[in-house]
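Report on the following structure.
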Amino acid sequence: MSCISAAGRKDIDETVYPDLNDYFDDLATTWRDAIRAFYDAGCRYLQLDDTVWAYLCSDDQRRQIRERGDDADELARIYARVLNKALEGKPDDLTIGLHVCRGNFRSTWISEGGYEPVAEVLFGTVNVDAFFLEYDNDRSGDFAPLRFIRPGKQQVVLGLITTKNGELENPEGIKARLEEAAKYVAKEQICLSPAVRLCLYRRGQQPERNPAVGQSPSGHADRQRSLVKPHPQRCIIKVQRCAILRRYLYIPRSPSRNSATSILASFLLLLR
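Counting from 1364, one number per residue, gives the positions in the sequence shown under our numbering.
Printed below as a string of structure tokens:
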């Protein structure tokens, strides 16, 4: 489920929302209604795709935010408040993950920069069950921001397996990166997944040539071993991703004004 990107004063029509607090309250209410609709339809695992956090990691995007008269740090606190309000009353048997990435459409991206500028607010205050984080290249920064993941409360799913090219990762290299991440967050809270989606776009993407499916280059015969111990009450499923051999993918166990609700209207109609 894609979230509606929150915004600042310049992006919101003042004739509709003279007070921005009303806009953000309606946005949270809309998300909460959509989450409830999915739950009532039988959904027990929901992943929110909220790329606005990636914008706030970018020095260039933060500069643009300042130039338009907004404060990036204050916007982060507002966005966290919106998400938490949307999650109020979440049923105990509904698991919600939050996915943050910088884009991978036709080999382009929308931002770059590590998670440090938003880490304390995002990881330390947003009440989701798991964070799915892009971590397969230098644009994502280091693991130090993971120190704000709350002990024992949340899973952090590290997107170390790239979907941006066809080169197979060295398992020892992945293990080393997981050990590095474990310096900042407990191993029991760390999981592993592809970075963005499960396959490349068929048209327009510019990856390196993929090895043929079924071939295992030297040194990758143990590709199917799980590199991270799953939470005992979670599950592991195997997925076939493009020309990449089978990987283990972690999957957790399973706003009222028209201007704020129109984007999610189709979801709600489908679920009634």
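Using N, Cα and C, we set each Cβ at its ideal position, and we do this for glycine too.
- Proximity to R1513 across I1375, A1449, I1537, V1484 peaks at V1484, based on C-alpha coordinates.
- Residue V1415 holds the alpha-carbon nearest to the alpha-carbon of Y1442 among V1415, L1461, H1462, D1433.
- In this structure L1411 touches H1462 by the C-beta definition: roughly 7 Å separates them, less than 8 Å.
- The alpha-carbon separation between D1492 and F1486 amounts to approximately 11 Å.
- A contact is defined here as three or more CB-CB pairs under 8 Å, and the segment 1450-1459 fails this definition with respect to the segment 1423-1432.
- Taking a contact as a CB-CB distance under 8 Å, the pair N1447 and N1490 counts as one, their CB atoms being some 5 Å apart.
- Annotation: K1538 to K1373 spans about 45 Å, alpha carbon to alpha carbon.
- By the Cβ neighbour-count rule, P1480 is buried, with 16 or more other Cβ atoms within 10 Å of its own.
- When DSSP reads this structure, F1494 sits in a beta bridge with L1461, V1519.
- Going by C-alpha positions, A1507 is about 17 Å away from C1464.
- Residue state for L1411 is assigned as strand, using DSSP reduced to three classes.
- Measuring C-alpha to C-alpha distances from D1505 to each of E1543, T1488, G1536 identifies E1543 as the nearest.
- Annotation for P1557: the continuous beta strand (DSSP E) segment containing it runs 1553-1557.
- Just measuring C-alpha positions, the residue of G1476, I1524, V1520 sitting nearest S1503 is G1476.
- Nearest neighbour of A1449 by Cα position, chosen from L1419, R1399, A1417, A1482, turns out to be R1399.
- The three-state reading of DSSP puts I1512 in coil, since its state is none of H, G, I, E or B.
- The DSSP-derived three-state label of I1524 is strand.
- In the structure shown, the three-state DSSP call for L1419 is coil.
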